[in-house]
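The block underneath contains the structure these notes are about, expressed in structure tokens.
Chains as they are written, first to last, in our numbering: chain A, 18 to 339; chain B, 80 to 342; chain C, 11 to 431.
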């Protein structure tokens, strides 16, 4: 029987990251199609909460405690701790988050297994059939593994998380170093500005660009994000001008996102930005320039001053919610 | 004296909008003029700044066929000391596993304190080859670097790794592999003096046989994945343009969002 | 000499969003290969391509945004001069042993072309730098070269070429400025007109009559005057139609003493030296003209794809597309002729003078035609300064006038053709 392992990702505060719930849901669907065994594994200083959460999506979860680090367990240690479980599984699924990618790369080298990365869709046909976006979204390719095993990393928001009908079991285990990977120590953690969950996981993103004009102008972007229940994003121009940190940058050298709604304020939509967000389900743009490139691929474009239209949208949203 | 190896990769220029696949679903690397992968340039710039500050040398290493000399020449013009190109017909169509093995083998021939690379590449390999390379070589690995600070006396390196809330400061012993982001800083133009000096800089070529990897264990034939097909995503619906007074426009927008159940 | 601010930080390249700036007629952040024009690549070496592209990116990102202001203010762009110096662009024409890059004529022209595409005034800085230094490079003694070339290569010193006078333009041999020998010096009296960068130069290459009774072409000699100096005065700066940021000066010499050691070549060598200089400097003007034409062509082509009338982009209309095609043909043929001329001149062709005149003739006329047509394509918008083509048209005209009018170029070509040189 084919076996699928989901390597879950714990957040800094010990919970389970959103992307892991999505990957677990996907794994369950695949396992159903394949008639495969599935299980999960998560490593954290205290993995109880994360493991229990993950068990809401999978029939069996191994919780590995690794108290060596203060809170966040480095990818090296995660890879090391899950190595034996990974070796025993045919297919390993991880979220394509920064940590997930690191762990996937390490497992690939340790196990000599192939990887299909940044999946935007996974089907099953005697093995995972993975959809990936190429050329900034211009093409969608479908690939499979040449042999009977492999590692898949899955993009955020590709799947909507759905808990299993019944929660699964959690088995605790301790970290046996499966590989001697060189240590990297966390010397400090610094929180900047108001960034919270990784922007790639957001379902709604309100992004500001050059047209926002200043760091004060970004307050409007934040208010709209809040009113819509979304995250704040930015184009490179805004990041380069210092109005918002690089972690919120969307585009070729920033993050690739696929939210349900992308509201772009004062963003021209040049290709370096476009490749970061063009697969969003709905794109709405506000721009003074009717010829801005974003007008070619947005679903709705408001031609106007974002500082007039933005507050008007806010007012309209507030009046609706009563 | 810092010795840094920077992994660079030629990719079809994303801004040329001319990227495409060959009939057998491989990336057509001749479709658009090759440029250094965007993120690799930030890594190279970080290396250049460090060598300017501490003294030392930079070797750029690329595994590529088409475009390898172009990007190596550009990197040398920016200030790298020498270039190593790994090229072999058998490498066409290599997957991430092969790429990691080949880069690791090439690195084993070099001496270095640090290896830099750009996180992700614009042609799609997904940001994990370098983690695999580090693992194969037993090097500490720090990804998503926004700042890299080596300490030569202590033989350690401090790296700011971008986190969702800001950054973590990591410390690792050297030699280490660090994958960097745009936050490392804008790459410089090659100066004209640099372009002309690049002429006389050393560029070494290695084949799979040179690296003792000619046994079929790496390369297109050994690929662990295969592409089945490619298609264009469904076309988006035509754009609806809204003009008029802000209040009216706002009402239309919100109605549109409600229609799509986004609010 | 102006102490140069070498602390200019290494200029970085934007790999971010490309934003088409209508006023500047370029992308705010250039992406090199995507906008690289593939012209002439068959004959350009890899190094020349890299150099060309490096200058192009710099021009698009740092010079183009300044072009409109330079024209409007009419002020010499010291910042651009410093930028060119900091990036070793002013070092291109000089031998490596004196701190230059030892670039060949084609490479220098590639740089002038790329800069001029963005701003003709800025392109002229390099062109004049090359022109006025040529006498030193061609005929200076080792000591003279060692004295002046390092500062020129480093961009610490600017240099101007002073041959033309109020009554001696095309008829260069008729100059009247006099240099009289007095002991170890020469004393110079007279005035020069229409001297590009005459008011900002640190060195002036002055042609003056040393033997009024000699044969027409043996009357004058060439001197390097270091300024400021007693007896040297900038009498006026002209208000011009175009290249408004380049100060065009009238210079007055009143009993100006210059050491005999500053004389380039022997007495009487001046005219021949000037002609040899033009052979190599006229391609530089041709390059400026090709650059101006290319800049105008790109703005017009882009405009035609965006401007909609009668429900479609005007590029759809054949009358417009035809004009653009003719503009491209004119620009490309001027460019290819220029590149060939550079190769011929560099390889010491016997008819180098003919090549030089041909490329300048064709390019100057191409620039005027292309920029005029560019204004036409933009219609009313071409006439106002919201778009750069009106400036480019005003800038283009000078390429038909200086460094030998088009009529003089024709004389040179005819003489060569008819076996009368």
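Ideal Cβ positions, reconstructed from N, Cα and C, are used throughout, including at glycine.
- DSSP places residue 389 of chain C in no alpha helix (DSSP H); its state is neither H nor E.
- Burial is judged here by how many other beta carbons sit within 10 angstroms of a residue's own beta carbon; residue 394 of chain C has fewer than 16 and is exposed.
- Taking the beta carbon of residue 67 of chain C as reference, the chain B residues within 8 Å of it are 268, listed in sequence order.
- Annotation for residue 239 of chain C: no alpha helix (DSSP H) segment contains it, and DSSP assigns it neither H nor E.
- With respect to the C-alpha of residue 85 of chain B, the residue from B/164, B/324, B/304 and B/172 having the closest C-alpha is B/164.
- Note on geometry: alpha-carbon atoms of residue 237 of chain C and residue 284 of chain C lie some 21 Å from one another.
- Rounded to whole angstroms, residue 39 of chain A and residue 176 of chain A show a C-alpha spacing of 6 Å.
- Taking a C-beta distance under 8 Å as the contact criterion, residue 142 of chain C and residue 121 of chain C do not qualify as a contact pair.
- Taking 9 Å as the cut-off between beta carbons, the residues of the region 232-256 of chain B near chain A are 237, 238, 239, 240, 241, 242, 243, 244, 245, 246, 247, 248, 249, 250, 251, 252 and 255, in sequence order.
- For residue 118 of chain B, the C-beta contacts it makes with chain A under 7 Å involve 270, in order along the chain.
- B/173 is the residue among B/173, B/335 and B/243 whose C-alpha sits nearest the C-alpha of residue 301 of chain B.
- It is roughly 46 Å from the alpha-carbon of residue 112 of chain A to the alpha-carbon of residue 323 of chain C.
- Bounds of the alpha helix (DSSP H) holding residue 118 of chain B are 117-133.
- DSSP, read as helix, strand or coil, puts residue 233 of chain B in coil.
- Residue 156 of chain C and residue 110 of chain C have their C-alpha atoms roughly 12 Å apart.
- Three or more beta-carbon pairs drawn from the region 113-132 of chain A and the region 205-214 of chain B are found closer than 8 Å, and the two stretches are therefore classed as touching.
- Assignment of beta-bridge partners to residue 246 of chain B by DSSP yields A/207 and B/241.
- For residue 221 of chain A, the enclosing beta strand (DSSP E) begins and ends at 221-225.
- In this structure, DSSP gives residue 183 of chain A a state outside helix and strand, which the three-state scheme calls coil.
- Using a Cβ-Cβ cut-off of 8 Å, residue 271 of chain B counts as an interface residue toward chain C, since at least one Cβ of chain C sits closer than that to its own.
- Any Cβ of chain C closer than 8 Å to the Cβ of residue 152 of chain B would place that residue at the interface, and such an atom is present.
- Interface criterion not met: the Cβ of residue 413 of chain C is under 8 Å from no Cβ in chain B.
- Apart from the 5 residues on each side of it in sequence, residue 426 of chain C sits with its Cβ closer than 7 Å to the Cβ of 361, 363 and 364 in its chain, given in chain order.
- Taking 8 Å as the CB threshold, residue 263 of chain A lines the interface with chain B.
- Annotation for residue 123 of chain C: the continuous alpha helix (DSSP H) segment containing it runs 115-128.
- The CB of residue 310 of chain B comes closer than 9 Å to the CB of 156, 157, 158 and 159 in chain A, given here in chain order.
- Per the Cβ contact rule, the region 153-171 of chain B is in contact with the region 125-141 of chain B (3 or more Cβ pairs under 8 Å).
- Runs of the alpha helix (DSSP H) lying entirely within the region 123-210 of chain C, each at least 4 residues long, are 130-149 and 152-164 in chain order.
- At least one C-beta of chain C is nearer than 8 Å to the C-beta of residue 278 of chain B.
- Residue 206 of chain B belongs to the set of residues whose beta carbon lies under 8 Å from a beta carbon in chain A.
- Our two residues, residue 26 of chain A and residue 59 of chain A, have alpha carbons roughly 6 Å apart in a direct line.
- Close CB contacts of residue 266 of chain C within its chain, under the 8 Å cut and outside five residues either way in sequence, are with 197, 198, 199, 235, 239, 240, 241 and 242 (chain order).
- Under the Cβ distance rule, residue 102 of chain C counts among the residues neighbouring chain B, one pair being separated by less than 8 Å.
- Neighbours of residue 319 of chain B in chain A, taken as residues at a C-beta separation under 9 Å, are given in chain order as 315, 316, 317 and 318.
- One finds 148, 149 and 152 in chain B with Cβ atoms closer than 9 Å to the Cβ of residue 56 of chain C, taken in chain order.
- Below 8 Å, enough C-beta pairs join the region 185-197 of chain B and the region 250-264 of chain B to call them touching: three or more.
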